[in-house]
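Here my numbering is used: the first residue of the sequence shown is 22, the next is one more, and so on. A virtual CB, placed ideally from N, CA and C, is assigned to each residue, including glycine.
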Amino acid sequence: MSSGDSGFTPLPGDERLSTAILSDSCDATGLRDQVLQQRLAPLVPGTRAIGRARTVRFAPALEDDPEDPYRDAIDFIDGIGEGQFVVVATDRSNDSAFWGELFSAAALGSGAAGVVTDGNLRDTDRIAALGFPAFSASRRPIDYRARMRVIAHDVDVVLGGVRIAPGDLLMADDDGAVVVPREHEATVLALARDRAARESTVLAELLAGESLRAVWDRHRVL
Ligand SMILES: O=C([O-])CC(=O)C(=O)O
Ligand SMILES: [Mg+2]
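As structure tokens, this is what we get:
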């Protein structure tokens, strides 16, 4: 996908979608390995984000270009479009942070859905204050210059053992993150939307005092 491709536009009711519902819907489609094995936690509990993956890969590097040390990251971030979910793949690096307040501000200004990384974030209190949805393995305040560098963007990456292609649908919340390959998106989303609606009914019936057995037998959804 090029940086200009459109993002994901949620429909009314999509606020009921969750990673659990999308995961169940992937399972029902025969896609049983779409949930990242590593839980990349939101900076702010309760954060959820859904969007199209826009990928970037980092690898170790002991040198940088003192003239323009952030060139590749700047080029990547300036190409972010509405509804894109930034995916920063680092091979689980703890060598540096990869994303902070100012990258978040730029992404937010471009209408990005959020960022997820198997590495570290920094400026975390400030990212939280911006309200930018951010999910990471951990946090560390150290700059990536002359430690790590961008080696590619808009390529397939692997995060938490799951392959993510540019343009795949990605959702993250408190439970973890799920990747829906683009070619299966229509099927999985239709199942997920139906499931979300049925779960709302089930929830209401359970809260009204009906037995789990009666509700399960009627709706076959949990
Ligand atoms: O980790 C970085 O170099 C990026 C950073 O500080 C920011 O976005 O404010
Ligand atoms: Mg910063």
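Bounding residues of the beta strand (DSSP E) (the contiguous stretch that carries residue i)
i: Ser159; result: Ala155 to Arg160
i: Arg184; result: Val183 to Ile185
i: Ala118; result: Ala118 to Trp120
Opposing strand residues paired with residue i [DSSP bridges]
i: His174; result: Val77
i: Ala198; result: Ala193
i: Gly135; result: Phe106
i: Trp237; result: Trp237 pairs with nothing; no bridge assigned.
i: Asn115; result: In DSSP, Asn115 forms no bridge with anything.
i: Gly72; result: Leu191
i: Leu180; result: Val183
i: Ala62; result: Ser157
i: Leu142; result: Trp120 and Arg160
Alpha-carbon to alpha-carbon, residue j and residue i
i: Asp85; j: Leu212; result: 47 Å
i: Ser23; j: Arg239; result: Because the pLDDT of Ser23 is 42, which lies under 50, any placement of that residue in the model is unreliable, and the question is left without a value.
i: Gly67; j: Phe156; result: 11 Å
i: Ile95; j: Val171; result: 10 Å
i: Val223; j: Arg214; result: 14 Å
i: Leu151; j: Arg60; result: 23 Å
i: Val77; j: Gly28; result: 17 Å
i: Leu228; j: Ser159; result: 37 Å
i: Gly130; j: Ser232; result: 48 Å
i: Trp120; j: Leu142; result: 5 Å
i: Arg219; j: Asp196; result: 20 Å
i: Ala70; j: Arg113; result: 21 Å
i: Asp45; j: Thr138; result: 23 Å
i: Gly25; j: Trp237; result: Only weak support exists for where Gly25 lies, its pLDDT of 42 falling under 50; the value from the coordinates is given anyway. Between Gly25 and Trp237, the C-alpha separation is close to 45 Å.
i: Ser117; j: Gly140; result: 8 Å
i: Gly288; j: Arg234; result: Outside the modelled stretch of the chain, which goes from 22 to 243, sits residue 288, for which no answer is possible.
i: Leu210; j: Thr40; result: 12 Å
i: Leu243; j: Ala134; result: 28 Å
Interface flag, residue i vs chain C, CB-CB below 8 Å
i: Ala150; result: The structure shown contains no chain C; it is built from a single protein chain.
Range covered by the alpha helix (DSSP H) that runs through residue i
i: Phe97; result: Arg92 to Asp99
i: Ala167; result: That residue, Ala167, is in no alpha helix (DSSP H); it is neither H nor E in DSSP.
i: Arg203; result: No alpha helix (DSSP H) holds Arg203; DSSP gives it neither H nor E.
i: Ser44; result: Thr40 to Ala49
Measuring from each Cβ to the nearest heavy atom of ligand 2, keep the ones under 7 Å and list them in chain order.
Gly121, Glu122, Leu123, Arg143 and Asp144
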